[in-house]
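Structure record follows, encoded as structure tokens.
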Amino acid sequence: MMSVEPLYALGIFTVTKRLEIFQTIIYEYYDPDQYYAELAENVEDLENELEEISANMQEILDQEEVVINGEKVRPKVTGIDLGFKGTPEEPFLAFFIYFKGKPRKGLNYYENIYSAERSEYPYTAYWYFPRNFQVTAVQASGTSQIINDHIVVIRVEEGERISGYEKIEFEI
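The opening residue of the sequence shown carries number 832 in our numbering; numbering runs sequentially from there.
Below you can see the structure in the form of structure tokens.
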């Protein structure tokens, strides 16, 4: 597995009116030795590997401090999938994560505190809030933009310094 190289990550956060967050993270890799393709041929080995990877992701999430409206919440990995973009050398891992906050009328916020580092690969995160929510501020590494008041796009380039802090403020 040492030859598997991360290429890109995509995070999609879908937020409900009840402030449930359904998060999907897709990590794309370059795998010249076809480690994941070979692994996929043995169902038991694949399941064991995916369980271990899922547990590792949960451990990473547990080290982060995720706060919604002043209350610490715990993102939970609810599923994982291995797929391929067309060739055995282009695997991706999709993580499905869930967490929930308590909405309040007026100003709400999501905050995430984690280890600062340099990004090993580029990534993009999309936050999709309900249409009647209005995002008022975004604080994150990389570049961020707000589209139509309720969609947030955050982009980080490879090698860019990640501060270890994110905050999104929004009105309900």
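Ideal placement from N, C-alpha and C gives every residue a C-beta, glycine not left out. Computed from a predicted structure; not experimentally measured.
{"Query": "For chain C, is any of its Cβ atoms less than 8 Å away from the one on lysine 916?", "Result": "No chain C appears in the structure shown, which is made up of a single protein chain."}
{"Query": "Which residues in the same chain have their Cβ closer than 7 Å to the Cβ of proline 953, if we skip the five residues on either side of it in sequence?", "Result": "Tyr839, Val987, Glu988 and Glu989"}
{"Query": "With DSSP as the reference, please indicate the residues paired to asparagine 943 in a beta bridge.", "Result": "Val897 and Glu997"}
{"Query": "Are there three or more Cβ pairs, one per stretch, closer than 8 Å when the stretch 891-904 is compared with the stretch 939-946?", "Result": "yes"}
{"Query": "Which residue comes first and which comes last in the beta strand (DSSP E) that contains glutamate 861?", "Result": "The question names glutamate, but residue 861 is tyrosine in the sequence shown. First-last of the beta strand (DSSP E) with tyrosine 861: 851-861."}
{"Query": "Would DSSP call glutamine 889 helix, strand or coil?", "Result": "helix"}
{"Query": "Grab me the residues of phenylalanine 853's own chain with a C-beta within less than 7 Å of its C-beta, minus the 5 sequence neighbours each way, in chain order.", "Result": "Thr845 and Tyr929"}
{"Query": "Hey, quick one: how far does the alpha helix (DSSP H) through glutamate 869 stretch, first residue to last?", "Result": "866-871"}
{"Query": "Please confirm if the stretch 959-969 is in contact with the stretch 888-897, defined as three or more CB-CB distances below 8 Å between the two stretches.", "Result": "no"}
{"Query": "Apart from the five residues just before and just after valine 835, which ones in its own chain have a Cβ nearer than 6 Å to its Cβ?", "Result": "Tyr860, Asp862 and Tyr866"}
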